[in-house]
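Note that our numbering has the sequence shown beginning at 23, numbered continuously upward. Just so you know, even glycine gets a beta-carbon here, dropped at the ideal spot from N, CA and C. These notes are about the structure you will find just below.
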Amino acid sequence: MQRAIHADWDEDEEDDASDGEPLPRSRSRLPWLRMALLSGLSIAALVYFAHEEGSRPLPPGAPGAVPASVLVAPPPPWRPLPQAAPAYVLDKPFAPPVFSARAHISGGREDTFVLGRFGDSRHGRISLVQGDAGTERRSFFVDIVRRAAEAGLSVTRNAQSRMAATKFGPVEMAEVTLAGTAEQTCQAFRFADPETAFGFQGWLCGAEARIVDEAQAACFIDRIALSGQEGLVLKALFARAERNRGEACNLAARTAALSPTPPARP
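This is the structure we're talking about:
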């Protein structure tokens, strides 16, 4: 076949072509450079439009960005009242009472009196609550265990509770053994009046030679009185309680004063 004659026809190319092998062609890098340039321009355009969209003010009513959640611990249920004056007094206490008060987030207040130290020949503790303290009614044993734990003690033995007569009416009471650095036999008690949101819990402990009985614990409760700073509801409750107060505690106090103290066991 005759070939078209061109001015730039090279005889060497003719020889290579006659051998049946394709002629090598130099590949240009221009398409790859064009693709890289277009990709860079696309990314830059996306970044620009995203920035413009973020800086544009949101229309009214449009949902905004969700703020990061912050975990806040709930406040403690009780806060101390170091400057509070006692709302109650103990008539003729056997030891100088140590007083503390605290307020509940629900609005209630608790006054606590501690007489003597645990392990002494006579030790007592009573916590009086007025108002909402945010606690549900629990079993007598659970309440005493919780109160003992607050005082750094544990309950190692408890008897069946029964109702004891006091000026406030029937009070739940039971003999328990409290343990700390030592063990002590005590009379634990609990009272609640739902109508006035008033109640108290505690215990009265004695030495091994002078174990506290139910009557002594009832007299300890009967010595609770108002300091004169509470409202009309509590005043009415305590006035009614004083009218119900018998003479047994006064007689027992006079008898105890005249009786000789038994010697402690070695």
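Fully contained in the stretch 139-163 are the following beta strand (DSSP E) runs of length 3 or more, in chain order: 144-152.
Between S128 and A95, the C-beta gap is not smaller than 8 Å, which leaves the two residues out of contact. Residue pairing by DSSP places P102 opposite R124 in a beta bridge.
Closest option to A258, judged by alpha-carbon separation, among E269, E217, E236 and A229: E217. Secondary structure note for D133: its beta strand (DSSP E) is the uninterrupted segment R131 to L137.
Here A204 has G141 as same chain residues with Cβ atoms under 7 Å from its own Cβ, once five neighbours each way along the sequence are excluded. Distance between A67 and A90, taken at the CA atoms: about 30 Å. Here L175 carries a coil assignment [DSSP, helix/strand/coil]. The beta-carbon distance between A210 and A196, rounded to whole angstroms, is 6 Å. This is short enough to meet the 8 Å contact definition. In this structure, L137 keeps its C-beta atom at 8 Å or more from the C-beta atom of G130. Between S183 and the set A171, G202, S161 and R168, the nearest pair of CA atoms involves S161. Contact check for V193 against M185 passes: the beta carbons are separated by less than 8 Å. Only residues of its own chain outside the window of five on either side were considered, and among them C241 and D244 have a CB closer than 7 Å to the CB of C271, listed in chain order. It is roughly 32 Å from the alpha-carbon of F190 to the alpha-carbon of P98.
Residue environment for R159: exposed (fewer than 16 other C-beta atoms within 10 angstroms of its C-beta).
Taken in chain order, the whole alpha helix (DSSP H) runs of length 4 or more contained in the stretch 232-266 are 236-244 and 254-266. Secondary structure of P53 (DSSP, three-state): helix.
If you ignore the 5 residues before and after L112, its C-beta comes within less than 7 Å of the C-beta of P119, F135, R245 and I246, all in its own chain and listed in chain order. In this chain, the beta strand (DSSP E) harbouring T188 covers R184 to T188. In terms of Cα proximity to A117, the closest of G202, D165, C227 and A109 is C227. By the neighbour-count criterion, in which 16 or more other beta carbons inside 10 Å mark a residue as buried, V151 falls on the buried side. In terms of Cα proximity to W100, the closest of A58, L55, T157 and L256 is T157.
CA-to-CA, the gap between P108 and A170 works out to about 22 Å. Counting only residues of its own chain and dropping the five nearest sequence neighbours on each side, S61 has no CB closer than 6 Å to any other CB. Distance from G153 to A201 at the Cβ level is roughly 32 Å; contact not present, criterion being Cβ atoms closer than 8 Å. Residue burial annotation: I65 is exposed, with fewer than 16 other C-beta atoms found within 10 angstroms of its C-beta. Here DSSP, grouped into helix, strand and coil, assigns L200 to strand. Residue environment: S249 is assigned as exposed (fewer than 16 neighbouring CB atoms within 10 Å of its CB, all protein chains considered). From the listed residues A261, L175, S122 and A237, the smallest Cα separation to E269 is found for A237.
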